[in-house]
Amino acid sequence: MAEFKRPTNEQEFENNFSPIKVLMNKSEAILESSKCLFCYDAPCTKACPTHIDIPLFIRQINSGNMTGSAMTIYASNYMGNLCGKVCPVEVLCEGSCVYVNQGVKAVEIGRLQNYATHKVLSEKIHIFSEGEKVNKKVAIIGGGPAGLSCASELRKAGIEVDIYEGRKMAAGLALHGIAPYKIANEDVLEELNYLQEQFHFNIIYNSFIKTKADVAKLEKEYDAVFLGIGNSSTSALNIPGEDKKEVYGAVEIIEELRMKKSNLVYGNKVIVFGGGNTAMDAASESARMGAETVLLAYRRSKENMGAYEFEYDLAKSAGVKAYFNVAPVEILGDEKVTGVKFIKTEIKDGKLKTIAGSEFNEKCDMVIKATGQSRHFELFDNISKLEIDDFGRIVVDENFRTTNPKYYAGGDAVNGGKEVVNSVAEGKVAATSIIKQLTKI
Amino acid sequence: MSTKSSKNKLASNLAGIKSPNPFWLASAPPTNSGYQIMKAFDAGWGGAVWKTMGIPVVNTSSRYGAVSYKGNRMSGFNNIELISDRTLADNLREIEEVKKYFPDNAVVGSLMVQSKEEWHQIIKDVENAGVDGIELNFGCPHGMCERGMGSAVGQDPEVLALITSWVMEVAKVPVIVKLSPNVSHIQDPAIAAKKGGANAVSLINTIQSIIGVDIDNFVPYPTVDGKSTNGGYCGPAVKPIALNMVKNVAKIPGYNLPISGIGGIENWRDAVEFILMGATNVQVCTAVMHYGFGIIREMVTGLEQYMSDKVFNSIDEMVGKALPNVQKWENLNLKYKIVAEIEESKCIGCQLCYIACEDGAHQAIKLSENGESRIPKIIEENCVGCNLCSLVCPVESCISMVRKDNGKEELTWTERTERGDIPTTFNDKMAGGLGHFVPEPKKAIEYRLSSKK
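Residue numbers (my numbering), protein chains in the order written: chain H, -7 to 433; chain W, -15 to 437.
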């Protein structure tokens, strides 16, 4: 009945989740790169949070300097391959391409970027070198994009780096949380290995830093600490029935999906709460897992939805339906969920209010909450003088240094939860600040 | 991220004029002012040849035209602009200032005057201002030549040698003679420059041309109040002509004068091509007028990567490396046989190779029988290995040329001539095309003839 059938083996899973962005072939790359105008003070570079010199790397592809092109990309963004695939280019570089002002299709910057990074990754062409050893050590908590970017920049300056990663694999949400049709696990790990082979940073897996004792040890043994810890698990909605079976947080279920693939037991009638990009991802993924019906339920109107238009379009194209101005009040069922009771909402006196007596039920066998993640308050409490803002984000200055001078931070824990590219940018800026501080330049 | 070596592998030295890399700006609007040249040096250019100084001119409004080939803007560029319209005093003052801030970048003064006294005076002036070298403009193909300067000199080797010798009487810095391509034999002015005592030559200047005609108003471009004139052509379109002329000069027996290569250079690959054909450094104009000084960042990184890949430690190691492989036609190996091969998995079925070969070459490609596939097939016995198909094919690496001779035999036209194995009569049985299958003429209109039956 639904567009996608439930995948029952690896191959079927790969088919349902085949990459949306396909690698360019050489002819395509030459044609597409020829379109780039080589703008002066290019808007695409400005729109990119890592400010990659896009006209340059595209011109280098066009003139056959593939290594140079990759070097240009990686000089600004240590996870150039990942970003090329998962960045919302429609609202970043490609969205600002001057061609758009003419009503002409933007240059396919993201795919061109991958064309270049793929070359050096697949052929193992090394372009970095670790700096001459400096007698300083930095601990990085969290081996996600922010931490990896910070680590790479520190290693380039010759500073020793230990990354404390809580999971058994690194790359954080890049490996565990991104929609599978955007990038495959192997590709994320390939880039991680590429960085590690050249920078030799040390990753200690299965080590969560939580307690006062953990923290004290780090403060004693390291000259600085970078917090790349991201956000915590999905926040509770605090509605009755939330603890029933088959009620999941979006971040948690996406991780299971990436790891278990076709072996994951999945619902047939899925309801997703939320209106952000994570909700869109969860909905699109549910459709691709062959759910017969997928319903997005957002408590505000479509205009207020935070998700990118193109992510919503993608979900809709897979058959996802959306209800707006509905809020869940109870999750129904016995041990397992059988439905959700909603209440309609409206704006009254500038505030979102529920409409009395407008409750209705919607049947389902799986609920995914994509309404936000909580923060690592447990760790925050154990770091002295660490200021946290009203939204639970670590407060930093323009150097990404926290209010405890030994600690720097970047990524989702600081910006609240943006894109991978923001984390990569912030990790690198934090590293340059750390380098300045530790080497007193 | 680049190699840690402290030696600058891109360091350039043209006849004693040093610059941190071999990329210079050519004498043109981008080098009109010290402001522009400082910007360029700041961006990474190695040197600049000042816009030609002399008696200041008055320029027209419109000045430029361009060929836009199928949407690719400025694939060829035309100008009817003359030399500098600024006073010498302004130029000299700015040369001094540029040299003050950029002592290691090459500033070359391009000059065009008439009498010996004028040459001597202006040379002293620019040398006092601090130029690292002088370039003699014997190439301007419009406006100045009508007054007996520019290409009027470039086209007359005796005059060129004479004027060069005047310059060499007083010049203390190295002197480059810029050659005009509007000659039938570039070797003549090149040799004349050497005879006159020049230290180096630069080529090519612009090619005499009419870039296009406004067919609605019956006047060529650029149009100045309804009228036009011929101009100087440059840009990517002229690169092949420039490469050939650089080669011709580099291959003059015993020449030994360093060459500065000019002509449609836009990226690192173009620059390498010129260097391999004998240029010691390169000069760029049109690409800068199109994109600004920022193109240098692609050129420098590209050249660095090429040198790293090919393990060249200096530009000198590259200069003229392709020259030994450039021969006279009569010394090419006629035993060398290649035929085309289509990689079917890559073919997209445009059938351009088919129609190019069918109409434009040797009818050695056929379409599939009963049109069941759109992938053409090579008729190997008819293929002469001209490789036209490989040029029209829009898919990278879809058509390749495969060697068919055993690679052990070599026989040139010269050798065949010595042996008497060449066609000498009109119906000679040694004609190269004899026995090659050519369809009967009326097969072209068979469909018409059969319906008339």
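Here a beta-carbon is modelled for each residue, glycine too, at the ideal position from N, C-alpha and C.
Can you check whether the C-beta of W/Trp252 is within less than 8 angstroms of a C-beta belonging to chain H?
yes
By Cβ distance below 6 angstroms, which residues in the same chain neighbour H/Phe302 in space, the five residues on each side in sequence not counted?
The answer, listed in chain order, is Glu82.
Does the Cβ-Cβ distance between H/Gly164 and H/Gly222 come in under 8 angstroms?
yes
If we cut at 8 angstroms on Cβ distances, does H/Val416 have a partner in chain W?
no
According to DSSP, is W/Ser244 part of a helix, a strand, or is it coil?
Looking at W/Ser244 - three-state DSSP - the assignment turns out to be strand.
Is it the case that the segment 41 to 52 of chain W contacts the segment 61 to 73 of chain W, given that we only count it when at least three CB pairs across the two stretches are under 8 angstroms?
The segment 61 to 73 of chain W is in contact with the segment 41 to 52 of chain W.
For W/Asn232, which residues of its own chain have a beta-carbon under 7 angstroms away from its beta-carbon, when the five flanking residues on both sides are left out?
Ile170, Gln171
Does the Cβ-Cβ distance between W/Ile165 and W/Leu187 come in under 8 angstroms?
Note on identity: in this sequence residue 165 of chain W is Pro, with Ile being the wrong assignment. Yes.
Under the three-state reduction of DSSP, which class applies to W/Asn315: helix, strand or coil?
helix
Since H/Ile335 and H/Glu351 are thought to touch, with beta carbons under 8 angstroms apart, how far apart are those beta carbons, to the nearest angstrom?
5 angstroms
Between H/Leu48 and chain W, is any beta-carbon pair separated by less than 8 angstroms?
Yes, contact with chain W.
Does the beta carbon of W/Val442 come closer than 8 angstroms to any beta carbon on chain H?
Residue 442 of chain W cannot be examined here, being either before or after the span of chain W that is shown, -15 to 437.
Taking CB distances under 8 angstroms as the criterion, tell me whether H/Phe191 reaches chain W.
no
Please name the residue, chosen from H/Ser26, H/Lys202, H/Gly241, H/Gly409, that lies closest to H/Arg385 on a Cα-to-Cα basis.
H/Gly409
Give me the Cβ distance between H/Gln188 and H/His118, rounded to the nearest whole Å; I'm assuming they're in contact under 8 angstroms.
Their Cβ separation, rounded to whole angstroms, is 12 angstroms, which puts H/Gln188 and H/His118 out of contact at 8 angstroms.
Closer than 7 angstroms by C-beta to W/Thr213: which residues in its own chain qualify, once you throw out the five before and the five after it? Chain order, please.
Ile64, His126
Can the beta-carbon of W/Phe7 be found less than 8 angstroms from the beta-carbon of W/Val266?
yes
Between which residues of its own chain and W/Ile322 is the CB-CB distance below 8 angstroms, once the five residues before and five after are set aside?
Gly369, Asn371, Met385, Val386, Arg387, Lys388
Option nearest W/Phe25 by Cα separation, candidates W/Ser59, W/Leu(-2), W/Lys84
Nearest to W/Phe25 by C-alpha distance, out of W/Ser59, W/Leu(-2), W/Lys84, is W/Lys84.
Name the DSSP beta bridge partners of H/Met358, please?
H/Val262
Report the rounded CA-to-CA distance for H/Val421 versus W/Asn(-3), giving the unit in angstroms.
40 angstroms
Coil, strand or helix - W/Met37 by DSSP
The answer is strand: DSSP assigns W/Met37 an E or B state.
So with CB distances below 9 angstroms, who are the chain W contacts of H/Lys18?
Val379, Glu380, Ser381
Quick check: W/Ile118 and W/Gly134, are their CB atoms within less than 8 angstroms of each other?
no
Using only the heavy atoms of the ligand MN, determine whether one of them is closer than 7 angstroms to the beta carbon of W/Lys83.
Although the ligand MN was asked about, the structure shown includes no ligands whatsoever.
Helix, strand or coil for W/Ile107 per DSSP?
helix
Below 8 angstroms, how does it come out for the segment 389 to 405 of chain W and the segment 323 to 340 of chain W: are there three or more Cβ pairs, yes or no?
no
Just to confirm my understanding: we take H/Leu15, look at its own chain, exclude 5 residues before and 5 after, and list those with CB closer than 8 angstroms. What are they?
Arg103, Asn106, Tyr107, His110
With a floor of 4 residues, list each alpha helix (DSSP H) that falls wholly inside the segment 230 to 316 of chain W, ordered by position along the chain.
252 to 260, 270 to 275, 280 to 294
Taking Cβ positions only, does W/Gln105 come closer than 8 angstroms to chain H?
no
Would you kindly work out how many angstroms separate the C-alpha atoms of W/Pro237 and W/Glu314, rounded to a whole number?
18 angstroms
Return the bridge partner residues of H/Lys313 from the DSSP annotation.
H/Leu287
Once the 5 residues before and after W/Ile79 are set aside, which same chain residues still bring their CB inside 8 angstroms of it?
Gly18, Trp34, Val91, Gly93, Val110, Ala113, Gly114, Val115
According to DSSP, is W/Gly60 helix, strand or coil?
strand
Give the single residue among W/Val82, W/Leu72, W/Asn89 whose Cα lies nearest to the Cα of W/Ile444.
Here chain W covers residues -15 to 437 and nothing more, so residue 444 of chain W does not appear.
State yes or no: is the beta carbon of W/Ser(-11) nearer than 8 angstroms to at least one beta carbon in chain H?
In this predicted model, W/Ser(-11) has a pLDDT of only 48, less than 50, meaning its place in the structure is not dependable enough to derive any value.
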